[in-house]
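In full-length UniProt numbering, the protein residues as written are 3 to 227.
Data block below; observations after.
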Ligand code: ADP
Ligand code: ADP
């Protein structure tokens, strides 16, 4: 099943002096249970593409479809709701809230959704921390966690609203090899759960796990596998 697609997407940034076209005619599909990997040098447009797919910014041309619906023309408020309902984000620099514990960070999206009791939220968040190997870190604050632990908290948080799609920007950027393997195992489990994933990375290790591999060069996306 097709979860998300990018069709003929272009993006041009306009400043006072000039225009810069950062994405050119990009096409990309995310299917259920598939791991899609994009590699490309700095400045090639990876973050820009992620923000289009994350419904954080709108394309200059073309469209983004989510579950068969064109969403790139929706209002800001609509996009916020769609993000909360369907998407999970993992950032290179974690984006954890410093004055909340690991458990509270994972619970945050659930709290914002306001559909569960405190007890239910804590239960699910605890299970998610268990699933990323952090049963012993519930009450720890981000400042007392290692980089790899912070990244796993961030992954658990991205999963807490049970998204159909995970978008990850360099998810193994600041972690050791052991954590890298744990993160890859988490992605493998998500594949079995039919989550569709898009990972933007410089890490060559993802090549062997990718169902589809792309390279982005100067705004042009090329399918390698
Ligand atoms: P590089 O240029 O080394 O490839 P990236 O382009 O991956 O680095 O990231 C540049 C910065 O932009 C990072 O700090 C990253 O966390 C941030 N970033 C990337 N994508 C998004 C996004 N969709 N929303 C918010 N921040 C993002
Ligand atoms: P990557 O993530 O691959 O490093 P980015 O998507 O961050 O690439 O950036 C691609 C190009 O777009 C870069 O030349 C960058 O300077 C430019 N760019 C990114 N965001 C903006 C913006 N908001 N306004 C103008 N130029 C931008």
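Glycine included, each C-beta is placed from N, C-alpha and C at the ideal position.
Predicted model, so just to flag it, every value in this text is computed and none were measured.
When the Cα atoms are used, residue 118 and residue 128 turn out to be separated by approximately 14 Å.
The beta-carbon distance between residue 121 and residue 134, rounded to whole angstroms, is 21 Å. This is too long to meet the 8 Å contact definition. When only Cα atoms are considered, residue 102 and residue 187 end up about 26 Å apart. By the Cβ test, the region 24 to 31 is not in contact with the region 155 to 167, since fewer than three Cβ pairs between them sit closer than 8 Å. Within the same chain, 215, 216, 217 come within 7 Å of residue 226 by CB-CB distance, once the 5 residues on both sides are set aside. With 16 or more other Cβ atoms from the protein chains shown falling within 10 Å of its own Cβ, residue 200 counts as buried. Taking the CA atoms as reference points, residue 137 sits about 53 Å from residue 19. Residue 71 sits exposed, since fewer than 16 C-beta atoms from the chains shown fall within 10 Å of its C-beta. Per the coordinates, the alpha-carbon of residue 61 lies some 13 Å from the alpha-carbon of residue 81.
Residue 156 counts as buried, since no fewer than 16 other beta carbons sit within 10 angstroms of its beta carbon.
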